[in-house]
Amino acid sequence: MDLRETIKYPQIIFSEKSGLRPIIDNLFEKINEKPSISYEVEEDQVIAGLVAKNFGIAIVPYMNILNFLDVKSLDINYPSWERNFYIANLKDTYLSPAVREFKNFVITNYNKSQI
1 MDLRETIKYP QIIFSEKSGL RPIIDNLFEK INEKPSISYE VEEDQVIAGL VAKNFGIAIV
61 PYMNILNFLD VKSLDINYPS WERNFYIANL KDTYLSPAVR EFKNFVITNY NKSQI
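UniProt numbering applies: residue 1 is where the sequence shown begins, and numbers increase by one.
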């Protein structure tokens, strides 16, 4: 779905303390719109519960709890966005075999442009 289609609905949005808030704000900036915020909440599960009780809609990452609530999840395909994840470990410290194997798997299977 296109994010612009959500503008006409009241939105439950992450509070400014949340690390997801700047990402969601940036999505709305990309479409030159501001959501009509009905509630600002810190916890993603609370947001899901409020949506289930028809207090508004929400832009959230996938959460398993959505499968257990009476809500419909739609993929947002416009605007496009990307989030980078990193792997980090302390230098010169012991890595367990499982951690070392995982790190090597990531390095082997993803090139620098994908990581």
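For every residue, glycine included, the Cβ atom is placed at its ideal position computed from N, Cα and C. Model, not experiment: these values are computed from the prediction.
Residue i versus residue j - alpha carbon distance
i: Tyr86; j: Leu74; result: 27 Å
i: Phe105; j: Leu20; result: 28 Å
i: Ile115; j: Thr93; result: Model confidence at Ile115 stands at a pLDDT of 47, short of 50, so the residue's coordinates are unreliable; what they give is reported in the following sentence. Rounded to the nearest angstrom, the two C-alpha atoms are 22 Å apart.
i: Lys91; j: Arg83; result: 25 Å
i: Lys17; j: Ala52; result: 23 Å
i: Leu50; j: Ser36; result: 15 Å
i: Lys103; j: Ala48; result: 34 Å
i: Gly56; j: Ala98; result: 43 Å
i: Glu5; j: Ile107; result: 39 Å
i: Tyr9; j: Glu101; result: 47 Å
i: Tyr110; j: Ala88; result: 15 Å
Identity of the residue in the options nearest residue i by Cα
i: Gln11; options: Val99, Tyr39, Asp44 and Ala88; result: Tyr39
i: Leu3; options: Glu33, Tyr62 and Pro22; result: Glu33
i: Glu29; options: Lys91, Leu69 and Ser80; result: Ser80
i: residue 119; options: Glu82, Ala58, Tyr78 and Arg83; result: The first residue shown for the chain is 1 and the last is 115, placing residue 119 beyond what the model contains.
i: Leu69; options: Met1, Val46, Tyr78 and Asn77; result: Val46
i: Met1; options: Ala88, Asn77, Ile31 and Gly56; result: Asn77
i: Asp44; options: Asn109, Ile65, Asn26 and Ile31; result: Ile65
i: Val60; options: Pro22, Leu95, Ser96 and Arg100; result: Pro22
Residues bridged to residue i (per DSSP)
i: Ser36; result: Pro10
i: Tyr62; result: Note: Tyr62 sits in no beta bridge, so no partner.
i: Ile57; result: Gln11
i: Asp2; result: Tyr78
Expected contact under 8 Å - CB spacing of residue i and residue j to nearest Å
i: Ile24; j: Phe14; result: 6 Å
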